[in-house]
Amino acid sequence: MEALIRLMEEEYDLGILSYEIMRNTNKSLVIVLRTRKGKFLGKSLFTTEERQNFILDAEDHLRKKGIHIPKVRKTKANQRFIYWNGYPFLIQHWASGPMLALNLPARIRRTGSTLGRIHAASVGFSSAYSHLYNAANTWDEEYRNDFTALQRWNQQYESSNDPKHQIIYQHLPFFLIAGKIAMESLEKSSYYQNWRELPTSRHFLCHGDFNNGNLLSEKQKITVIDWEDVRFDFPSKDISRVLSLLMRKNKKWNPKAFHYLLDGYLRENPLSRRQRHLLYTDLAYPHITERFLRQQQYLEMSERDIEKFLKQEIRKTAYMLEEMKALE
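Residue 144 in my numbering sits at position 144 of the sequence shown; the count goes up by one each step and never skips.
Structural data, given as structure tokens:
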């Protein structure tokens with residue numbers, strides 16, 4: 001680590017006084033830096049130069065559009081990052097403030113409006129690396145793979161005597177039916193087919209890990225951090241992430257909380273009828289259930305909690321299917 005500190009001293013005009021390792025895993029290295037010029041964050045995502053440039057290009061675009069994102073400290077040679085152990089390493093200005101709590105309707109709306117502003121501001125973004133990070137191209141495969149995974153799990157554990165497997169098996173038919181309905185709706189959607197073919201500059205940028213832990217609230221300003229998973233995608237992906245957090249916090253499916261979230265979102269990024277149809281279609285598809293099974297999250301849960309989780313997802317999915325059908 002001392003070699004990295006010396007390298008930063010050589011490459012940056014900062015004067016490092018002390019440092020603290022915040023995270024050091026096989027996915028990222030994050031260091032808090034105290035310098036003569038203030039507090040900074042050193043970070044390596046152990047990713048490629050292309051990926052790092054795309055992330056920084058996206059941040060630059062959104063920052064110019066008024067989204068609060070920590071700035072990158074450039075090197076003495078005016079570069080956005082250096083290399084450490086063969087990977088890009090950068091230094092960002094420190095972002096302060098507590099995370100935005102999701103405990104009041106006004107705060108849920110504010111979270112939705114922040115996300116809506118990001119998506120609206122992202123339209124028009126272009127990078128030399130845009131073509132590498134367009135998730136619209138993967139939807140068909142994702143839907144097929146998720147559905148096949150649910151079917152495979154259903155067949156594999158059909159005769160299992162494990163109580164947890166039995167609970168899941170009893171609830172899984174609903175998700176298979178819902179998945180089939182959503183897939184058929186997607187295939188019939190002319191908007192979906194047209195959306196996939198749009199140039200990336202007309203797609204939305206999605207944060208990829210949008211949650212209140214990455215929203216730092218200070219007075220009237222919300223700073224959005226941790227853009228490692230940013231890509232071109234559809235708003236449903238980021239909305240689904242917040243919705244899952246709300247359900248986990250409330251321990252139930254709460255249509256009112258979803259209404260607060262979506263109301264705040266649509267104020268900043270109004271969606272057309274066809275866009276809302278695609279939104280509900282994707283939210284109705286059992287992506288969350290497939291991930292729940294694939295990651296075997298149920299192993300760490302009680303039988304009661306497994307049943308409660310699945311019933312929550314069923315209520316949410318049924319709601320989204322109704323909204324989807326109302327827009328067909």
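Cβ coordinates follow ideal geometry from the N, Cα and C atoms, glycine included.
- In this structure, the beta-carbon distance from residue 264 to residue 113 falls below 9 Å.
- Taking a cut-off of 8 Å on C-beta distances, the stretch 312-328 touches the stretch 276-296, as three or more cross pairs fall below it.
- Residue 84 is positioned such that its CB atom lies no closer than 9 Å to that of residue 14.
- Counting of Cβ neighbours within 10 angstroms places residue 3 among the exposed residues, the total staying below 16.
- With a threshold of 16 other beta carbon atoms within 10 Å, residue 160 falls short and is exposed.
- Under the three-state reduction of DSSP, residue 303 is assigned to helix.
- DSSP links residue 43 through a beta bridge to 30, 90.
- When the five nearest sequence neighbours on each side are left out, no beta carbon in the same chain lies closer than 6 Å to the beta carbon of residue 301.
- The beta-carbon distance between residue 107 and residue 67, rounded to whole angstroms, is 18 Å. This is too long to meet the 8 Å contact definition.
- If you draw a straight line from the Cα of residue 144 to the Cα of residue 150, it is about 10 Å long.
- Shown here, residue 224 sits in a strand according to DSSP, grouped into three states.
- Measuring C-alpha to C-alpha distances from residue 96 to each of 229, 32, 233 identifies 32 as the nearest.
- By the C-beta density criterion, residue 324 is buried, having at least 16 other C-beta atoms within 10 angstroms.
- When beta bridges are read from the DSSP output, residue 242 appears opposite no residue.
- Counting along the chain, residue 190 sits inside the alpha helix (DSSP H) bounded by residues 190-197.
- 9 Å or more divides the Cβ of residue 147 from the Cβ of residue 124.
- In this structure, the CA atom of residue 77 is about 9 Å from the CA atom of residue 12.
- Taking the C-beta atoms as reference points, residue 234 is found no nearer than 9 Å to residue 115.
- As computed with DSSP, residue 38 is found in a beta bridge with 35.
- About 16 Å separates the CB atoms of residue 242 and residue 271; that is not less than 8 Å, and the two are not in contact.
- As far as DSSP is concerned, residue 253 takes part in no beta bridge.
- Bounds of the alpha helix (DSSP H) holding residue 51 are 49-64.
- Comparing C-alpha distances from residue 28 to each of 203, 19, 43, 36 shows the shortest one belongs to 43.
- The shortest CA-to-CA distance from residue 206 to any of 111, 58, 100 is the one to 58.
- Annotation for residue 133: 54, 231, 232 place their beta carbon closer than 7 Å to its own, counting only its chain and skipping 5 residues before and after.
- By the C-beta density criterion, residue 127 is buried, having at least 16 other C-beta atoms within 10 angstroms.
- Judged by DSSP secondary structure, residue 81 falls outside any alpha helix (DSSP H); it is assigned neither H nor E.
- Our two residues, residue 253 and residue 247, have alpha carbons roughly 6 Å apart in a direct line.
- Excluding sequence positions up to five before and after residue 218, its CB lies within less than 6 Å of the CB of 97, all in the same chain and listed in chain order.
- Taking 9 Å as the cut-off, the Cβ atoms of residue 273 and residue 327 count as close.
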